[in-house]
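Visitor: If you're matching positions, the sequence shown starts at 1 in UniProt numbering and goes up one per residue. We put the beta carbon where it would ideally sit given N, CA and C, even for glycine.
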Amino acid sequence: MLHEANGVILIKSTHPGLQIRLLQVNDAERLLEIRRENFDFFKPFEPERPEIYFTLEEQARLISNGLEAAQAGQGYTFGLFLPENDKLIGRMELSGVARGPFQNANLGYFVDPAYHGQGYATSAVKDIVRYALNELELHRIQAGVMPRNTPSNRVMEKAGFRREGLALNYLKINGVWEDHVLYAVTAEDLQNGVF
Numbered sequence: 001m002l003h004e005a006n007g008v009i010l011i012k013s014t015h016p017g018l019q020i021r022l023l024q025v026n027d028a029e030r031l032l033e034i035r036r037e038n039f040d041f042f043k044p045f046e047p048e049r050p051e052i053y054f055t056l057e058e059q060a061r062l063i064s065n066g067l068e069a070a071q072a073g074q075g076y077t078f079g080l081f082l083p084e085n086d087k088l089i090g091r092m093e094l095s096g097v098a099r100g101p102f103q104n105a106n107l108g109y110f111v112d113p114a115y116h117g118q119g120y121a122t123s124a125v126k127d128i129v130r131y132a133l134n135e136l137e138l139h140r141i142q143a144g145v146m147p148r149n150t151p152s153n154r155v156m157e158k159a160g161f162r163r164e165g166l167a168l169n170y171l172k173i174n175g176v177w178e179d180h181v182l183y184a185v186t187a188e189d190l191q192n193g194v195f
């Protein structure tokens, strides 16, 4: 499941048309392209972003920070790639990695809308969660999804996440405090074949 090539973590995907690896600084241009081309699509589901966020320099800086976080074991930012041409189609992140008695991380993701409905997000969620539970030895992975984000709620359910409740006014999204459905999966779910 886990491979390393030239110091880059690669995760073998269960989806035949997907490759998963840590984002590298040279991925910034394509990442920015996805962000700019789909600005209106993503806007209702994300925090407000300053103008600098939509620059190549900022995307490269964020990826560089992500690589430093991975080195420190604090977070992992993966790119979802088409293996036939190494085209970046999405990003998935394990953030806020907590050790000690918690052993937890938060999962967040997006896929270029041109590639929705092909199972990429669901497969990548499963693959990255297995990596987190098996290789990183985390105990729990959690995610929050706005109730109206039907496709993302479906991804969580199809990937085997358990719905744990509704957090009111959980995150400020597009300038408004939004409720989020809380989902989680634990190491026991994986061991018991639930996930």
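In the DSSP assignment, find the alpha helix (DSSP H) that holds ILE128 and state where it starts and stops.
Guide: The residue labelled residue 128 in the question sits at position 128 within the sequence shown. Per DSSP, ILE128 belongs to the alpha helix (DSSP H) from 120 to 134.
Visitor: Rounding to the nearest angstrom, what Cα-Cα distance links ALA121 and LEU10 in this structure?
Guide: To locate residue 121, count along the sequence shown from 1; it is residue 121. To locate residue 10, count along the sequence shown from 1; it is residue 10. Rounded to the nearest angstrom, the two C-alpha atoms are 17 Å apart.
Visitor: Using three-state DSSP, classify ASP27 as helix, strand or coil.
Guide: As a working note, residue 27 is residue 27 in the sequence shown. Looking at ASP27 - three-state DSSP - the assignment turns out to be helix.
Visitor: Please say whether ARG99 and LEU31 have beta carbons closer to each other than 8 Å?
Guide: Taking the first residue of the sequence shown as 1, we reach residue 31 at position 31. Taking the first residue of the sequence shown as 1, we reach residue 99 at position 99. For LEU31 and ARG99, no; Cβs fall outside 8 Å.
Visitor: Just to confirm before moving on: does the CB-CB distance between THR14 and SER123 stay below 8 Å?
Guide: The count along the sequence shown starts at 1 and reaches residue 14 at position 14. The count along the sequence shown starts at 1 and reaches residue 123 at position 123. Their beta carbons are under 8 Å apart, which means THR14 touches SER123 by this criterion.
Visitor: DSSP on GLY66, reduced to helix/strand/coil?
Guide: Taking the sequence shown and counting its residues from 1, the one referred to as residue 66 is at position 66. GLY66 falls in the helix class under three-state DSSP.
Visitor: Just how far apart, CA to CA, sit TYR109 and GLY193?
Guide: Here the question's residue 109 lines up with position 109 in the sequence shown. Here the question's residue 193 lines up with position 193 in the sequence shown. When rounded, the distance between both Cα atoms is 24 Å.
Visitor: Among the residues of its own chain, which have a CB less than 7 Å from the CB of GLY79, if the five just before and after it don't count?
Guide: Residue mapping note: residue 79 aligns to position 79 of the sequence shown, counting from 1. If we look at GLY79 and ignore the five residues flanking it on each side, its Cβ neighbours are ARG21, LEU23, ASP27, LEU88 and ARG91.
Visitor: In terms of residues, what are the limits of the alpha helix (DSSP H) holding VAL155?
Guide: Counting from 1 along the sequence shown, the entry for residue 155 is found at position 155. Here the alpha helix (DSSP H) through VAL155 covers 150 to 158.
Visitor: Check the C-beta distance from VAL185 over to GLY165 and give it rounded, since I have them as a contact under 8 Å.
Guide: As a working mapping, residue 185 is identified with position 185 in the sequence shown. As a working mapping, residue 165 is identified with position 165 in the sequence shown. Wrong, their Cβ atoms sit about 15 Å apart, outside the cutoff.
Visitor: With distances taken between CB atoms, is the gap from MET156 to PHE45 smaller than 8 Å?
Guide: By 1-based counting over the sequence shown, the position of residue 156 is 156. By 1-based counting over the sequence shown, the position of residue 45 is 45. Their beta carbons are not under 8 Å apart, which means MET156 does not touch PHE45 by this criterion.
Visitor: Note down the Cα distance separating GLY119 from ASP127, rounded to an integer number of angstroms.
Guide: Indexing the sequence shown from 1 puts residue 119 at position 119. Indexing the sequence shown from 1 puts residue 127 at position 127. Taking the straight line joining both Cα atoms gives about 12 Å.
Visitor: Can you tell me the Cβ-Cβ gap for ASN104 and HIS139, rounded? I've got them flagged as a contact below 8 Å.
Guide: Working through the sequence shown from its first residue, we reach residue 104 at position 104. Working through the sequence shown from its first residue, we reach residue 139 at position 139. About 7 Å separates the two Cβ atoms, so the contact holds.
Visitor: Less than 8 Å between the beta carbons of residue 199 and LEU107, yes or no?
Guide: With the chain covering 1 to 195 only, the question about residue 199 has no answer from this structure.
Visitor: Using beta-carbon positions only, say whether ASP112 and ASN38 come within less than 8 Å of one another.
Guide: Taking the first residue of the sequence shown as 1, we reach residue 112 at position 112. Taking the first residue of the sequence shown as 1, we reach residue 38 at position 38. For ASP112 and ASN38, yes; Cβs fall inside 8 Å.
Visitor: Hey, out of PHE195, LYS172, ALA132 and GLN19, whose CA is closest to LYS158's CA?
Guide: Taking the first residue of the sequence shown as position 1, residue 158 is located at position 158. The option with the nearest alpha carbon to LYS158 is PHE195.
Visitor: Among TYR53, PHE54, GLU51 and SER95, which has the Cα closest to the Cα of LEU67?
Guide: Your numbering for residue 67 matches position 67 in the sequence shown. Nearest option by C-alpha distance: SER95.
Visitor: Whole angstroms is fine: what's the gap from LEU62's alpha carbon to GLY117's?
Guide: Taking the sequence shown and counting its residues from 1, one reaches residue 62 at position 62. Taking the sequence shown and counting its residues from 1, one reaches residue 117 at position 117. One C-alpha to the other measures close to 28 Å.
Visitor: Whose C-beta lies closer than 6 Å to the C-beta of GLN19 among residues of the same chain, with five residues either side of it excluded?
Guide: Counted from its first residue, the sequence shown places residue 19 at position 19. PHE81 and PRO83.
Visitor: Which residue's Cα is closest to the Cα of GLU93: PHE41, ALA132, THR55 and TYR183?
Guide: Reading the sequence shown from its first residue, position 93 is the one you call residue 93. Answer by Cα proximity: ALA132.
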